[in-house]
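K.L.:
Quick one: this structure, given as C-alpha cells, is what I'll be asking you about.
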Amino acid sequence: MTRTPNEMHTMKNQVTVGLDGTPESTAAAHWAGGEAELRHARLDLVHAEEWLEHPPLPVTTTEAQRAWAENLLRDTADELRHEHPDLGVSTRRVGGLPSLALARAAKDSDLLAIGSRGLGVVAGFIVGSVASETIAETERPVVLVRSADGTGKPPDGGRASGPVVAGLDIRQPCDNLLAFAFEEAAHRDTTLIVVHGWTPPPILSYSPALNPGIQSEMAHAITTTLDEMLSPWRDRFTDVHVEPRAPIGQAAAQILHAATDAALVVVGRRIRRSDFGGHIGPIAHALMHHSISPVAVVAHD
Numbered sequence: 012m013t014r015t016p017n018e019m020h021t022m023k024n025q026v027t028v029g030l031d032g033t034p035e036s037t038a039a040a041h042w043a044g045g046e047a048e049l050r051h052a053r054l055d056l057v058h059a060e061e062w063l064e065h066p067p068l069p070v071t072t073t074e075a076q077r078a079w080a081e082n083l084l085r086d087t088a089d090e091l092r093h094e095h096p097d098l099g100v101s102t103r104r105v106g107g108l109p110s111l112a113l114a115r116a117a118k119d120s121d122l123l124a125i126g127s128r129g130l131g132v133v134a135g136f137i138v139g140s141v142a143s144e145t146i147a148e149t150e151r152p153v154v155l156v157r158s159a160d161g162t163g164k165p166p167d168g169g170r171a172s173g174p175v176v177a178g179l180d181i182r183q184p185c186d187n188l189l190a191f192a193f194e195e196a197a198h199r200d201t202t203l204i205v206v207h208g209w210t211p212p213p214i215l216s217y218s219p220a221l222n223p224g225i226q227s228e229m230a231h232a233i234t235t236t237l238d239e240m241l242s243p244w245r246d247r248f249t250d251v252h253v254e255p256r257a258p259i260g261q262a263a264a265q266i267l268h269a270a271t272d273a274a275l276v277v278v279g280r281r282i283r284r285s286d287f288g289g290h291i292g293p294i295a296h297a298l299m300h301h302s303i304s305p306v307a308v309v310a311h312d
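In this note's numbering, the protein residues as written are 12 to 312.
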C-alpha cells in the first residue's frame, strides 16, 4: 500500500548498511555514515554470515570466520565514529541467505545501503545476486553505492553537494518515490531534478505530416501531468527547489544524462510478488549498473 506523506515519517530513525569486506560495501558504509548524519539517525552495520561462504581472506574455520566478521564490523564502526563523532553506530551479525537477512535487518530502517560494482556485477560474494535479490526482497528504499577505484570510498566523496535526480513514471503511483526524493533534497539543501523521459508514438516518425501539432500537444499534456504530481510535494517541501524535465528519449538514458553530477539518483520499482521471486524493472536495472552516483531504488505498488 502506498504511504501518505505523513506516514512516511513513522519508520525508525535508522540507516542500515550491509557490510561484507569488499571495497564496495566499505564505500556504502561511508556513504551511509554521511546519510545517517544528515538524517540525525543511527547507523546499523550488518554482516550476513553466509557471505563468508567465499571469504576474501583464507578463513578456514567457523570460529575464524566469526572473528574476521567481528573485526570487520568493529574496525568499520571505529572508523565511522572517528569521521562522525556524534553518530550512534551499532553492529551485528545476522544469519541466513544474505538477501533475506539484509531485508529483515532493514525492515524498520529508513533505508538500506549496499555496495555496487555496476556494469553487471554487484557487490557480495554470491556475484551478481545479493544487491538485486535484496532489492526485490524488501519494501524499504535500497541505495547502491560504488567504490572510487577500489578505495572503499564513495565516488567524489559521495557527491554530497550535487542535485538529487529522480526518475518519475507519470503512469505509476509515485508517492513513496517522491517522498523519499524530496526528503533527500531537503536533507542536502539541494535542487531536486525530476525526469520523465518519453517517446512519441512510432506513427509520428513515419507520418510527421499527419498532424504537426500532435507532438507539441503530447509534450504539453505530459508536462502538465508532471507538474500536477509534483504540486502537493512542492507545497509540503517549500524550501526545495524543484526542476521538472520531460525530455524525449528512452527513460533510463535521460535519467543518466541528468544525473552526471548528482549526489543521489532515485528510481522506483513496482512491488511484484510471485513464485519466481521479485522483479526490479528495466529502468532500475539500468541505473544500478551504469550510474556512477549512488542509486536509491524505492518500492511502490
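The C-beta atom is built at its ideal place from N, Cα and C for all residues, glycine as well.
Report the three-state DSSP secondary structure of residue 237 (helix, strand or coil).
P.N.:
Residue 237 sits at position 226 when you count from the first residue of the sequence shown. Note: residue 237 maps to helix in three-state DSSP.
K.L.:
Report yes if the C-beta distance between residue 314 and residue 175 is below 7 Å; otherwise report no.
P.N.:
For the chain, the structure presents residues 12 to 312; residue 314 sits outside this window and is missing.
K.L.:
Run through DSSP, which three-state label would residue 86 get?
P.N.:
For the purposes of this step, residue 86 is taken as residue 75 along the sequence shown, with counting starting at 1. If DSSP states are grouped into helix, strand and coil, residue 86 belongs with the helices.
K.L.:
Over the uninterrupted alpha helix (DSSP H) stretch that includes residue 110, give me the two end residues.
P.N.:
In the sequence shown, the residue the question calls residue 110 occupies position 99. From DSSP, the alpha helix (DSSP H) with residue 110 extends over 109 to 116.
K.L.:
Closest to residue 257 by CA distance: which of 173, 302, 177, 307 is it?
P.N.:
What you label residue 257 is simply residue 246 of the sequence shown in a count that begins at 1. Minimum Cα distance to residue 257 is reached at 177.
K.L.:
Short check: CB of residue 112 to CB of residue 190, under 7 Å?
P.N.:
Taking the sequence shown and counting its residues from 1, the one referred to as residue 112 is at position 101. Taking the sequence shown and counting its residues from 1, the one referred to as residue 190 is at position 179. Taking 7 Å as the Cβ cut-off, residue 112 and residue 190 do not qualify as a contacting pair.
K.L.:
Would you list the residues sitting across from residue 209 in a DSSP beta bridge?
P.N.:
Here residue 209 refers to the residue found at position 198 of the sequence shown. Per DSSP, 259.
K.L.:
Give the secondary structure of residue 120 by DSSP, where H, G and I count as helix, E and B as strand, and everything else as coil.
P.N.:
Residue numbering aside, residue 120 sits at position 109 when the sequence shown is read from its first letter. Coil at residue 120, not helix or strand.
K.L.:
Would you decide whether residue 260 is buried or exposed? Buried here means 16 or more other CB atoms lie within 10 Å of its CB.
P.N.:
In the sequence shown, residue 260 corresponds to position 249, counting from 1. The residue is exposed, with fewer than 16 neighbouring Cβ atoms inside 10 Å.
K.L.:
Please report the straight-line C-alpha distance between residue 31 and residue 185, rounded to a whole angstrom.
P.N.:
By 1-based counting over the sequence shown, the position of residue 31 is 20. By 1-based counting over the sequence shown, the position of residue 185 is 174. Going by the C-alpha atoms only, they are around 32 Å apart.
K.L.:
Heavy atom of the ligand ATP less than 6 Å from the Cβ of residue 88, yes or no?
P.N.:
No copy of the ligand ATP appears in this structure; indeed no ligand is present at all.
K.L.:
To the nearest angstrom, report how far apart residue 244 and residue 311 are at their CA atoms.
P.N.:
Position 233 of the sequence shown, counted from the start, is the residue given in the question as residue 244. Position 300 of the sequence shown, counted from the start, is the residue given in the question as residue 311. Residue 244 and residue 311: Cα-Cα distance of roughly 17 Å.
K.L.:
What do you get for residue 51, buried or exposed, if any count of 16 or more other CB atoms within 10 angstroms of its CB means buried?
P.N.:
To locate residue 51, count along the sequence shown from 1; it is residue 40. So residue 51 ends up on the exposed side.
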